[in-house]
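Participant: In our numbering, the protein residues as written are 2 to 247. Got a structure for you, questions after.
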Amino acid sequence: MLQNTFLHIPYVGESTEKRLWDRDIRTWDDFLDKDIDIRNKNTIRKYIKLSKLKYENKDFSFFSHKLSKRYHWRAYKDFQDNACFLDIETTGFSKTRNDLTVIGLYNGKESNVYVKGKNMYQFREDIKKYSFIVTFNGYCFDLPFIQAKMPEISFNQFHVDLRFVLKGLGYEGGLKKIEKRLGIERESDVSELSGKDAVRLWYQYKRRNDDSALNTLIKYNIEDIENLKYLMDFSYDKLKSNLLVK
2 MLQNTFLHIP YVGESTEKRL WDRDIRTWDD FLDKDIDIRN KNTIRKYIKL
52 SKLKYENKDF SFFSHKLSKR YHWRAYKDFQ DNACFLDIET TGFSKTRNDL
102 TVIGLYNGKE SNVYVKGKNM YQFREDIKKY SFIVTFNGYC FDLPFIQAKM
152 PEISFNQFHV DLRFVLKGLG YEGGLKKIEK RLGIERESDV SELSGKDAVR
202 LWYQYKRRND DSALNTLIKY NIEDIENLKY LMDFSYDKLK SNLLVK
């Protein structure tokens, strides 16, 4: 979808992009190959050539900065091999008063979990490996919370917050509610857990040195991040189909 996208280019908005698609200018190469009559044609051609160069060099930051966040989903398949699905656990909602206890990252093949007091410091380096981040409510919660605890991290990757994407597709509510609506089943021992349970499990681990509580918390987090991939794939297919892009 990224090579079907013109919205990061000066003078191109949604209506202009749609007119291009309607005229069978579906890709950057289509624009370069055809002599199309359009305002600011030379500037657009210049930026398309620059876009092709940046794309070949996998320079995700060029696109993530120029493309509005509401369209970041379009780059998902282009950077899928370098995408991660992220979720955190905390002891509350306050970035200043509460603790960041667990961060989970899933790359589509394996999950890594970072725990406060154990290996949380490794997250700072590992997140740099990824050019695309998928969250649920990450705009409002996960990423700001992480940055409050690790201000040296700059999230300059593509970022898709599925809470808002799915809402636009008609799926409102929390992550668990949406999963059930789409027929996603969780393992029985964590299927009924909530954010409050995640807090309880953390304190149970810390106060009683209960490793089983930590293991349950980690399993709960892993279910979150691994289910995000299914939801991202589902959302991408729906959004692309709605655009009717060949």
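Just so it is clear, CB atoms sit at the ideal spot from N, CA and C, and this is done for glycine as well.
Let's test the definition: count the other Cβ atoms within 10 Å of the Cβ of L163 and tell me whether it reaches 16, buried, or not, exposed.
Facilitator: Classification of L163: buried, given that the 10 Å Cβ count is 16 or more.
Participant: Would F133 and M151 be called neighbours here (beta carbons separated by less than 9 Å)?
Facilitator: Cβ distance not < 9 Å, so F133 and M151 don't count as in contact.
Participant: Express the C-alpha separation of K42 and Y77 in angstroms, rounding to a whole number.
Facilitator: Cα to Cα, Y77 sits roughly 28 Å from K42.
Participant: Would you say W251 and T102 are within 9 Å of each other, going by their C-beta atoms?
Facilitator: Absent from the model: residue 251. The displayed extent of the chain is 2 to 247, so no value can be given.
Participant: Would a C-beta distance cut-off of 9 Å place I226 and L33 closer than the cut-off?
Facilitator: No, these two residues do not count as a Cβ contact at 9 Å.
Participant: Alpha carbon to alpha carbon, what distance is there between M2 and G171?
Facilitator: Taking the straight line from one Cα to the other gives about 22 Å.
Participant: Between the Cα of G118 and those of E18, R24, Y206, spot the shortest distance and give me the residue it belongs to.
Facilitator: It is Y206 whose Cα lies nearest to the Cα of G118.
Participant: The beta strand (DSSP E) that contains N157, what's its start and end?
Facilitator: Here N157 belongs to no beta strand (DSSP E), and DSSP marks it neither H nor E.
Participant: Taking the C-alpha atoms as reference points, what is the distance between L68 and F165?
Facilitator: Between L68 and F165, the C-alpha separation is close to 17 Å.
Participant: Between I89 and I49, which are expected to be in contact by the criterion C-beta below 8 Å, what is the C-beta distance as a whole number of angstroms?
Facilitator: Actually they are not in contact, since the Cβ atoms of I89 and I49 sit about 38 Å apart, beyond 8 Å.
Participant: In or out: T44 buried (at least 16 other Cβ within 10 Å) or exposed?
Facilitator: The residue in question, T44, is exposed, as its Cβ has fewer than 16 Cβ neighbours within 10 Å.
Participant: On the CB-based measure, 16 or more other CB atoms within 10 Å of its CB, does S213 come out buried or exposed?
Facilitator: Exposed is the call here.
Participant: For Y231, decide whether its Cβ has a neighbour in chain D, counting only Cβ atoms nearer than 9 Å.
Facilitator: Of the protein chains in this structure there is only one, and it is not chain D.
Participant: Entirely within the segment 167-229 and at least 4 residues each: give me those alpha helix (DSSP H) ranges in chain order.
Facilitator: 176-182, 196-209, all fully within the segment 167-229.
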